[in-house]
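A.B. asks: Our numbering puts the first residue of the sequence shown at 28, with every later residue one more than the last.
Don't be surprised by glycine CBs; every beta carbon is placed ideally from N, CA and C.
I am attaching a structure below and will ask some questions about it afterwards.
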Amino acid sequence: MRYPPVYFLKQMNTFIIKGFMILFVSCVTIKLNLCSPNTPSLNTLPLDGHFNFHEVHHAARDFGNRYQFLPMAVLHPKTVSDIATTIKHIWDMGPHSELTVAARGHGHSLQGQAQTQRGVVINMESLEGPEIQVYTGSSPYVDVSGGELWINILHESLKYGLAPKSWTDYLHLTIGGTLSNAGISGQAFRHGPQISNVHQLEVVTGKGEVINCSEEQNEDLFHSVLGGLGQFGIITRARISLEAAPARVKWIRVLYSDFAAFTQDQEHLISSENTFDYVEGFVIINRTGLLNNWRSSFNSKDPVQASQFKSDGRTLFCLELAKYFNLEKTDLINEEVENFLSRLSYIRSTLFMSEVAYIDFLDRVHVSEIKLRSKDLWDVPHPWLNLLIPKSKIHTFAEEVFGSILTATSNGPILIYPVNRSRWDNRTSVVIPEEHIFYLVAFLTSAVPSSTGTDGLEHILTQNKRILEFCETAHLGVKQYLPHYTTKKEWQAHFGPRWEAFVQRKSAYDPLAILAPGQRIFQKAIPFS
């Protein structure tokens with residue numbers, strides 16, 4: 028088909044203008060970076076790796092897809108010394124330099140936490156060092172780089188019949204990233220979060236010092252960094268506890284219509300000695316054909332009844348369970364699972380089960396990632412909201428949020444499951460509710476770009492705001508996990524009585540506030556307290 032000449036000229040003009048603008052913006056970025064007074068001094072540093080002052084735009088994006096802070100440079104370190112040398116150089120420049128440093132792992136932050144405006148982003152995945160080293164014996168462990176992905180640790184440790192004890196639901200995250208927060212999944216009720224399963228760390232502080240720390244050596248730094256949101260040091264190496272890895276997993280889903288029965292069963296399971304190895308759950312609001320969607324991965328125990336089950340227009344609660352086992356104990360595990368399930372109060376027609384390899388169960392979210400990427404639905408805004416809610420307040424929370432604020436769960440899963448506080452270490456920097464049992468409620472929503480409807484970013488953000496406002500006005504004692512605040516007052520409220528200790532740790536290990544500016548807790552050259 029031929030275009031009319033006038034239309035063709037207009038199209039050509041449009042392409043030329045767009046091309047010029049892209050070229051102009053790129054040139055301005057390069058010129059600004061090359062003309063920065065900090066560029067020459069960074070270029071003279073003796074490094075095994077290198078700085079890139081041109082290709083920096085990727086470091087201004089993350090999984091959240093909502094914030095973009097353009098760095099001046101990206102450091103691609105080969106050694107821990109490269110990281111220490113860079114930070115020590117910026118430390119020596121003193122408080123008058125505006126340079127800050129952000130460690131970036133796999134880019135899975137949600138609100139720009141691993142970004143820095145006009146600073147230096149360290150690409151932790153470039154860090155070279157000793158290979159993943161697995162140590163067998165009575166107390167097995169693995170030594171890994173802070174930039175290594177959990178999925179790679181799983182693959183390597185399984186060669187020895189071993190695996191880490193505690194996980195996140197998504198394994199394509201770096202060691203340093205999850206340990207700077209906590210690292211929670213359905214195993215946390217038994218083993219605690221990932222930060223409760225660390226023997227030792229190597230850390231580069233905000234002064235450029237490389238320090239080994241553990242419960243026996245430099246223990247204050249050790250506990251500061253774990254759950255410390257990157258404020259006290261960059262984790263460059265970690266020693267992670269391992270256990271014997273099972274071969275197979277019984278993977279189970281059942282539904283509840285009664286929230287009280289759902290939470291009672293969850294709390295019973297995480298308080299029992301002999302129970303499932305993984306306990307999670309999620310909320311389903313007004314979903315059509317729910318059980319039919321499960322049939323691709325699970326087998327129904329009662330196909331006839333399941334086919335007649337109606338989920339549309341209802342609020343339901345799914346209990347998701349897993350039992351690990353080896354093949355020689357299949358019969359015994361089948362009996363145990365049947366016994367455990369007989370004590371639960373789920374809707375009997377909704378029992379779905381599957382048996383999968385251990386690695387396939389742990390890496391299950393990656394399957395969804397591949398599907399979403401194929402549909403261009405992965406790199407979209409993710410306005411996630413993660414909350415830790417005391418057990419005594421979970422029913423008040425659910426009644427308002429699941430009964431009034433939310434009208435559907437089509438924008439992404441809502442996880443809900445309890446954990447035991449006794450499995451968390453109070454000496455770390457992470458902030459959790461005071462009660463012995465508290466719930467993680469995670470709103471893992473995805474926004475459709477350019478949409479102005481209920482699946483659009485503005486609607487979801489408004490919904491999140493309503494949830495947070497309700498938590499505050501109802502005095503539920505909720506704490507954010509992967510917290511995001513923009514003011515000092517909000518951060519002080521988040522930490523509560525632990526704020527002063529947090530400030531003291533910052534003064535000790537990063538007194539110029541060089542590290543992790545994207546968290547927006549401290550600002551360089553501004554007094555902390």
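Pick from Tyr512, Asn438, Asn366 and Val446: whose alpha carbon is nearest that of Pro544?
C.D. replies: As a working mapping, residue 544 is identified with position 517 in the sequence shown. It is Tyr512.
A.B. asks: DSSP state of Ile11, grouped into three classes?
C.D. replies: This structure gives no information on residue 11, because the portion of the chain shown stretches from 28 to 556.
A.B. asks: Mind checking which residues open and close the alpha helix (DSSP H) that includes Met120?
C.D. replies: One-based indexing of the sequence shown puts residue 120 at position 93. First-last of the alpha helix (DSSP H) with Met120: Val107 to Met120.
A.B. asks: When you compare only the Cα positions, how much space is there between Ala501 and Ala425?
C.D. replies: If you number the sequence shown from 1, residue 501 lands on position 474. If you number the sequence shown from 1, residue 425 lands on position 398. Going by the C-alpha atoms only, they are around 12 Å apart.
A.B. asks: Taking Cβ to Cβ, would you say Ile178 is nearer than 9 Å to Val169?
C.D. replies: If you number the sequence shown from 1, residue 178 lands on position 151. If you number the sequence shown from 1, residue 169 lands on position 142. No. Outside cutoff.
A.B. asks: Contact defined as beta carbons within less than 8 Å: I believe Val128 pairs with Ile541. What is the distance between those atoms, to the nearest angstrom?
C.D. replies: For the purposes of this step, residue 128 is taken as the residue at position 101 of the sequence shown. For the purposes of this step, residue 541 is taken as the residue at position 514 of the sequence shown. With 8 Å as the limit, Val128 and Ile541 qualify as a contact, their Cβ atoms being about 5 Å apart.
A.B. asks: State the beta-bridge partners of Gly146 as determined by DSSP.
C.D. replies: Position 119 of the sequence shown holds residue 146. DSSP, once it has assigned bridges, lists no residue as partnering Gly146.
A.B. asks: Using beta-carbon positions only, say whether Pro273 and Tyr351 come within less than 9 Å of one another.
C.D. replies: Here residue 273 refers to the residue found at position 246 when the sequence shown is read from its first residue. Here residue 351 refers to the residue found at position 324 when the sequence shown is read from its first residue. A contact, by the Cβ cut-off of 9 Å.
A.B. asks: How big is the Cα-Cα spacing for Ala215 and Asp482?
C.D. replies: To locate residue 215, count along the sequence shown from 1; it is residue 188. To locate residue 482, count along the sequence shown from 1; it is residue 455. So the alpha carbons of these two residues sit roughly 31 Å apart.
A.B. asks: Where do the ends of the alpha helix (DSSP H) carrying Pro330 lie?
C.D. replies: What you label residue 330 is simply residue 303 of the sequence shown in a count that begins at 1. That run of the alpha helix (DSSP H) goes Pro330 to Ser334.
A.B. asks: Ignoring anything shorter than 3 residues or poking outside the region 293–340, list the beta strand (DSSP E) runs there in chain order.
C.D. replies: Counting only runs of 3 or more, we get 305–312.
A.B. asks: Please list the terminal residues of the continuous alpha helix (DSSP H) segment that includes Trp518.
C.D. replies: If you number the sequence shown from 1, residue 518 lands on position 491. Lys515 to Phe522 is the extent of the alpha helix (DSSP H) around Trp518.
A.B. asks: Measuring straight from C-alpha to C-alpha, what distance separates Phe344 and Asp285?
C.D. replies: Here residue 344 is taken as the residue at index 317 of the sequence shown, counted from 1. Here residue 285 is taken as the residue at index 258 of the sequence shown, counted from 1. Near 8 Å, if we compare the C-alpha coordinates of Asp285 and Phe344.
A.B. asks: Applying the 10 Å Cβ sphere with the 16-neighbour rule, what's the burial state of Leu50?
C.D. replies: Working through the sequence shown from its first residue, we reach residue 50 at position 23. No answer about Leu50 holds up, because its pLDDT of 44 lies below 50 and its placement is not dependable.
A.B. asks: What does the Cβ neighbour count give for Tyr162, buried or exposed, with the cut at 16 atoms within 10 Å?
C.D. replies: Stepping through the sequence shown from its first residue, residue 162 is reached at position 135. Counting Cβ neighbours within 10 Å, Tyr162 comes out exposed, since fewer than 16 surround it.
A.B. asks: Going by CA-CA distance only, name the one from Phe429, Lys515 and Ala87 that's closest to Leu137.
C.D. replies: Start at 1 with the first residue of the sequence shown, and residue 137 comes out as number 110. It is Ala87 whose Cα lies nearest to the Cα of Leu137.
A.B. asks: Could you tell me whether the region 403–417 touches the region 457–468, using the rule of 3 or more Cβ pairs below 8 Å?
C.D. replies: Result yes; three or more Cβ-Cβ pairs closer than 8 Å.
A.B. asks: Please go through the same chain and pick out, in chain order, the residues whose beta-carbon is closer than 6 Å to the beta-carbon of Asp439, but skip the five residues on each side of it.
C.D. replies: Residue 439 sits at position 412 when you count from the first residue of the sequence shown. A quick correction: the sequence has Gly, not Asp, at residue 439. Contacts found: Leu471, Thr472 and Ser473.
A.B. asks: What is the DSSP secondary structure of Thr127, reduced to helix, strand or coil?
C.D. replies: One-based indexing of the sequence shown puts residue 127 at position 100. Coil at Thr127, not helix or strand.
A.B. asks: Looking at C-alpha atoms only, which residue of Gly134, Gln140, Ser478 and Lys492 is the closest neighbour of Glu152?
C.D. replies: Here residue 152 refers to the residue found at position 125 of the sequence shown. Among Gly134, Gln140, Ser478 and Lys492, the Cα nearest to that of Glu152 belongs to Gly134.
A.B. asks: Going by Cα to Cα distance, which pick from Leu359, Glu382, Pro330 and Glu82 is closest to Arg375?
C.D. replies: Position 348 of the sequence shown, counting from 1, holds the residue named residue 375. With distances taken between Cα atoms, Arg375 lies closest to Pro330.
A.B. asks: Counting along the chain, where does the beta strand (DSSP E) carrying Thr170 start and finish?
C.D. replies: As a position in the sequence shown, residue 170 is number 143, starting the count at 1. The amino acid occupying residue 170 in the given sequence is Asp; Thr does not appear at that position. Run containing Asp170: Tyr168 to Ser172, per the beta strand (DSSP E) assignment.
A.B. asks: Where DSSP assigns a beta bridge to Trp278, which residues make up the other side?
C.D. replies: Taking the first residue of the sequence shown as position 1, residue 278 is located at position 251. For Trp278, which the question treats as bridged, DSSP gives the partners Ala349 and Ser381.
A.B. asks: Can you give me the start and stop residues for the beta strand (DSSP E) that His409 sits inside?
C.D. replies: Counted from its first residue, the sequence shown places residue 409 at position 382. Here His409 belongs to no beta strand (DSSP E), and DSSP marks it neither H nor E.
A.B. asks: Sort out for me which residues DSSP pairs Leu269 with in a bridge.
C.D. replies: As a working note, residue 269 is residue 242 in the sequence shown. Paired residue(s): Pro191.
A.B. asks: Within the 9 Å Cβ cut-off, does Lys398 reach chain B?
C.D. replies: The question asks about chain B, but that chain is absent: this structure has only one protein chain.
A.B. asks: Based on DSSP bridge pairs, tell me the residues matched to Asn413.
C.D. replies: For this step, residue 413 is matched to residue 386 along the sequence shown. In the DSSP output, where bridge partners are listed per residue, Asn413 has Ala469.
A.B. asks: With distances taken between CB atoms, is the gap from Glu236 to Ala130 smaller than 9 Å?
C.D. replies: On the sequence shown, position 209 is the one that residue 236 refers to. On the sequence shown, position 103 is the one that residue 130 refers to. The answer is no: Cβ separation not under 9 Å.
A.B. asks: DSSP puts Arg264 in a beta bridge; with which residues?
C.D. replies: Reading the sequence shown from its first residue, position 237 is the one you call residue 264. Note: Arg264 sits in a beta bridge opposite Ser172 and Glu229.
A.B. asks: Where does Lys506 sit, in a helix, a strand or coil, going by DSSP?
C.D. replies: What you label residue 506 is simply residue 479 of the sequence shown in a count that begins at 1. Strand at Lys506.
A.B. asks: So, are the CB atoms of Arg275 and Val383 less than 9 Å apart?
C.D. replies: In the sequence shown, residue 275 corresponds to position 248, counting from 1. In the sequence shown, residue 383 corresponds to position 356, counting from 1. Yes; because the gap between Cβ atoms is below 9 Å, this pair is in contact.
A.B. asks: Measure from the alpha carbon of Pro410 to the alpha carbon of each residue in Leu346, Ile261, Pro510 and Arg454, then state which is nearest.
C.D. replies: Position 383 of the sequence shown, counting from 1, holds the residue named residue 410. The option with the nearest alpha carbon to Pro410 is Pro510.
A.B. asks: Can you find the residues in the same chain that come closer than 6 Å, C-beta to C-beta, to Gln140, ignoring five residues on each side of it along the sequence?
C.D. replies: Looking up residue 140 in the sequence shown gives position 113. Contacts found: Gly545 and Gln546.
A.B. asks: Can you name the residues that DSSP bridges to Pro445?
C.D. replies: Mapped onto the sequence shown, residue 445 falls at position 418. DSSP lists Tyr466 as partners of Pro445.
A.B. asks: Report the rounded CA-to-CA distance for Arg280 versus Val505, giving the unit in angstroms.
C.D. replies: Against the sequence shown, residue 280 aligns to sequence position 253. Against the sequence shown, residue 505 aligns to sequence position 478. Distance between the alpha carbons of Arg280 and Val505: 28 Å.
A.B. asks: Below 8 Å, can you find three or more Cβ-Cβ pairs linking the region 311–318 to the region 181–200?
C.D. replies: In short, these stretches do not touch, since the Cβ pair count stays below three.
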